[in-house]
Every structure is written in C-alpha cells, then in structure tokens.
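Beneath this line is the structure, given in structure tokens, with notes to follow.
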Amino acid sequence: MSKDAMTPPSAARTGLSAAATLTAFTVVFTALMAITYQTTKPAIEASAEAEKMRLVNEVLPESRYDNAPLADWIELAPRAELGFTAQDDPARLLRARKDGAPAALVFEAVAPDGYSGRIRLILAVGADDRLLGVRVVSHKETPGLGDYIDPKKDRNKTAPWIRQFDAKGFAEVPAAEWLVRKDGGRFDARAGATISARAVTNAVGRALRFATEQRDKLYALQAQSSLPVETP
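Note that numbering that gives the first Met the number 0 has the sequence shown beginning at 0, numbered continuously upward.
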C-alpha cells in the first residue's frame, strides 16, 4: 500500500488548507509591500534629493546659481587626480549656472592619506577658478585631534579651519604652495594634528587643478554624459 493511500483524508485536507493559506498570505504580503514601496518611493527620493542639495548648498551659496544642478551633471570615471582608485564607482560632477552662464562646478574628491584612512570631500569651484567652498563628507580622523577638518567638529566656530580655502585659486596661491605651512605652503594646520590637514590641503589643491585645467570641457559636455578618461 502506498504512503498516500495511508494518509487520512482529514490530514490531506488540512495540508491543502495550510498551503492555500500560506499562498494567499504570500500574495497579499507581496501586494502590500509593492503598494508601500510605490507610496513611499516619492518621499524617499525627495529626501535623498534634499540631502544632496544640502551638501551642495554647504559649498555653493544658492545666490550663485539659478538652474537645477542635480539635473545638470556629467559622470566622472574614477580619476587619480581626484584621489579615486579604479575600484571606486563613477562620480557625478554638477554644473551650476546663472542666467545660462557657467557659475560653478561641484564635485567630490578624496584625500587618500588621512591619519585614519580616506577623507571624502565635496568642493565647489567657481567659473573664475576660485574655490567657493570645501566640506568633509566623511572621515575617520581621531576625535578631538584631527577631526577639526570637519567644521561640525571644529571648536573654532567663528573661523573653522576648512574655511581658509574659500575664495582661493592659483592666482592667490601658486600651485606649488598648496601645502600646509610645515611643508613650505600657505595653509595652517593645528599643532599635533598636521597629517589630517596635510591630506586635505593636498587633495584640495589637486582637485582645484583638475577643475581649472578641465573647466571648459566640463561645462561644454552634454548633461548626463561622461568625461572621457584621459590624462589632463
């Protein structure tokens, strides 16, 4: 006699009922998840866009542009002059414009040689090749020592360390002097925490050179296209 023949009818019905219930539950749960996703997706996307604009506006005053920088972007393959490696994902460079004319480039760079690892930065470089602002996006520098590179952690709220780059370009500071004073450059560092400042200063100088040398090409490329990989 087969095993199926030995199964009581009531047990078979119970098994079928449980399977049907589980299937129905799965269908309903999946539908609810889909509805929830579709309902919350606009809010999630809006929140992400708001966070991106918050970062942009930290380095680029809103009065300097009248376009939508998040819609006017080009893609940058990982570039050594910006501190990225071949393993990094492509990054976006945003173009700000005022009355249709170039106003600023906003992009990320990396200082690979921080005291505790990589320091990610966001910069805005004006059409006049001067820095409008620099901010630290993420870092692992020592709390209370090297983390003053982040203005949120800098105890000097009146004149945060990172603001010394504002309005500086190669016309004000020659390329060879984009170093901390300890290395013969123009920029200050806090005693006992030179490594963090050195890493950021060097990275900012390299990023400014990239934006200055590639300026015309970066503004001219069609929106949402890619900058060809080449040595500047």
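Ideal Cβ positions, reconstructed from N, Cα and C, are used throughout, including at glycine.
If you look at D112, you'll find it in the beta strand (DSSP E) that goes 100-113.
The three-state secondary structure of G204, taken from DSSP, is helix. Sequence-distant Cβ neighbours of L59 in its own chain, meaning closer than 7 Å and more than five residues away, are A95, A103, V105, A123, L131, G132.
Annotation: the continuous beta strand (DSSP E) that includes K97 extends over 90-97. Per DSSP, A158 lies in no beta strand (DSSP E) segment and is marked neither H nor E.
Contact check for L120 and V199: beta-carbon distance about 7 Å, within the 8 Å limit, so the pair qualifies.
Rounded to the nearest whole angstrom, the C-alpha separation of D128 and A190 is 30 Å. Around the beta carbon of R117, a 10 Å sphere encloses 16 or more other beta carbons of the protein chains shown; the residue is thus reported as buried. With 16 or more other CB atoms across the displayed protein chains lying within 10 angstroms of its CB, L75 is buried. Under DSSP, V55 shares a beta bridge with no residue. The C-alpha of E212 is placed about 18 Å away from the C-alpha of F83. In terms of CA proximity to P101, P68 leads the group P227, A170, P68, A202. Judged by DSSP in its simplified three-state form, F186 adopts strand. Apart from the 5 residues on each side of it in sequence, K139 sits with its Cβ closer than 6 Å to the Cβ of S115, G116 in its chain, given in chain order.
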